[in-house]
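Below: the structure, in structure tokens.
Number of protein chains: 2
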Amino acid sequence: MSPTNSITSAQAGNEALPATKAGTQDVCATPEDPIDKVDPLDDPELAQATKALGNPTRIKIFRLIAERQTCITGELVAELPLAQSTVSEHLRILREANLIQGEIEGPRTSYCINQRVLAALKRSILEL
Amino acid sequence: MSPTNSITSAQAGNEALPATKAGTQDVCATPEDPIDKVDPLDDPELAQATKALGNPTRIKIFRLIAERQTCITGELVAELPLAQSTVSEHLRILREANLIQGEIEGPRTSYCINQRVLAALKRSILEL
DNA sequence: AACGTCTATCGTCGATACACGATAGATAAT
DNA sequence: ATTATCTATCGTGTATCGACGATAGACGTT
Chain W
2 MSPTNSITSA QAGNEALPAT KAGTQDVCAT PEDPIDKVDP LDDPELAQAT
52 KALGNPTRIK IFRLIAERQT CITGELVAEL PLAQSTVSEH LRILREANLI
102 QGEIEGPRTS YCINQRVLAA LKRSILEL
Chain Z
2 MSPTNSITSA QAGNEALPAT KAGTQDVCAT PEDPIDKVDP LDDPELAQAT
52 KALGNPTRIK IFRLIAERQT CITGELVAEL PLAQSTVSEH LRILREANLI
102 QGEIEGPRTS YCINQRVLAA LKRSILEL
């Protein structure tokens, strides 16, 4: 088994958004996906992504992960005036929209931005 | 009184998003706001805008208005498999997020994209 | 004035979101 | 093996969403 186990949005019967084919590549490599080299999201994906961002706390969480490149759940809990379970729930929603990706690193989970989906979101919004 | 009365999102105690100073200009002029000449949305505005778009029906309504430049409520109702009151409710949500603007034209209401806020949204998303 | 048309709002209902505490599972340390 | 730590999930309660039909207000027409 690999030392770090990638956690994607495969639970809860939600696989609407295509996940990056993780396992073969480092999930948090942040290769700075160019906007015009990704396909835009289809409407259900776009709705899910914008819905996931449609909450001030989740926008803040997303920004925190983005500026730190990678982030542990506990760090986010420390930054936010919310219970650990609440933060974990917000992370789940961002994860199921494929906006972020989590890697289980020993006892903790490290999150990073899914650059490919973010680029696709940017392109989709620009095309509105 | 002016022949066309602009309807903005001033009701329901919601004026979080700054409205274009309508009345002095044609609301649906679509001057193609350049993205880098508008201020990005602040986080509550961004959350409200993305939340408003976070629904497949509202994305569809937004696209319909955008491609027709201007659109009557009844046209949208005719295009969608939803009750008139439901469509009107979706329009209210888009309106309160300032993504669209409505003008009362006699007995009907004509909607158009709020280009300034759309440009600000695009910029805000690009900066993520 | 009375009527028909168009659309926003109201009231209702079930489903979903959002917060929390409690619990459980995995891992590292003792 | 036991313990401690970290985080996801479960169960709960409240609030908001998303749909609808019914209603009301504004306007044009007769």
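First to last, the sequence lines map onto chains W and Z. The first sequence begins at 2 in this note's numbering and counts up one residue at a time. The second sequence begins at 2 in this note's numbering and counts up one residue at a time. The C-beta atom is built at its ideal place from N, Cα and C for all residues, glycine as well.
Tell me which residue opens and which closes the alpha helix (DSSP H) that residue i is part of.
i, result
"E104 (chain Z)", "It is not in any alpha helix (DSSP H) - E104 (chain Z) instead sits in the beta strand (DSSP E) that spans I101 to E106."
"I126 (chain W)", "Q116 to L127"
"I66 (chain W)", "P57 to R69"
"P45 (chain Z)", "D44 to L54"
Taking 8 Å as the limit between beta carbons, can you name the residues of its chain near residue i, skipping five residues before and five after?
i, result
"S89 (chain Z)", "T74"
"I101 (chain W)", "F63, I66, L92, L95, Y112, C113, I114 and N115"
Would you say residue i reaches chain Z, if we count a Cβ-Cβ gap shorter than 9 Å as a contact?
i, result
"P41 (chain W)", "no"
"R59 (chain W)", "yes"
"D34 (chain W)", "no"
"D37 (chain W)", "no"
"L47 (chain W)", "yes"
Ordered along the chain, which non-local residues of its own chain (more than five positions away) have a Cβ less than 6 Å from that of residue i?
i, result
"I36 (chain Z)", "A120, K123 and R124"
Mind checking if residue i is an interface residue toward chain W, Cβ cutoff 9 Å exclusive?
i, result
"R64 (chain Z)", "yes"
"Q26 (chain Z)", "Note on Q26 (chain Z): pLDDT 48, under 50, position unreliable in the model; no value is reported."
"T71 (chain Z)", "no"
"A13 (chain Z)", "Its pLDDT being 33, under 50, A13 (chain Z) is placed unreliably by the model, and nothing is read from it."
"N99 (chain Z)", "no"
"L95 (chain Z)", "no"
For residue i, which residues of its own chain have a beta-carbon under 7 Å away from its beta-carbon, when the five flanking residues on both sides are left out?
i, result
"I94 (chain W)", "A53 and R59"
"E80 (chain W)", "L65"
"L42 (chain W)", "A50, A121, L122 and S125"
"A67 (chain Z)", "I114"
Pairing CB atoms from the segment 77–87 of chain W with CB atoms from the segment 46–57 of chain W, are three or more of them under 8 Å?
-> no
Touch test, the segment 48–65 of chain W against the segment 117–125 of chain Z, Cβ-Cβ under 8 Å, three pairs minimum = no
Cβ pair count under 8 Å reaching 3, the segment 94–108 of chain W against the segment 98–117 of chain Z | no
Using a Cβ-Cβ cut-off of less than 8 Å, list which residues of the segment 76–90 of chain Z approach chain W; keep chain order.
-> none
Using a Cβ-Cβ cut-off of less than 8 Å, list which residues of the segment 105–126 of chain W approach chain Z; keep chain order.
-> L119, L122, K123 and I126
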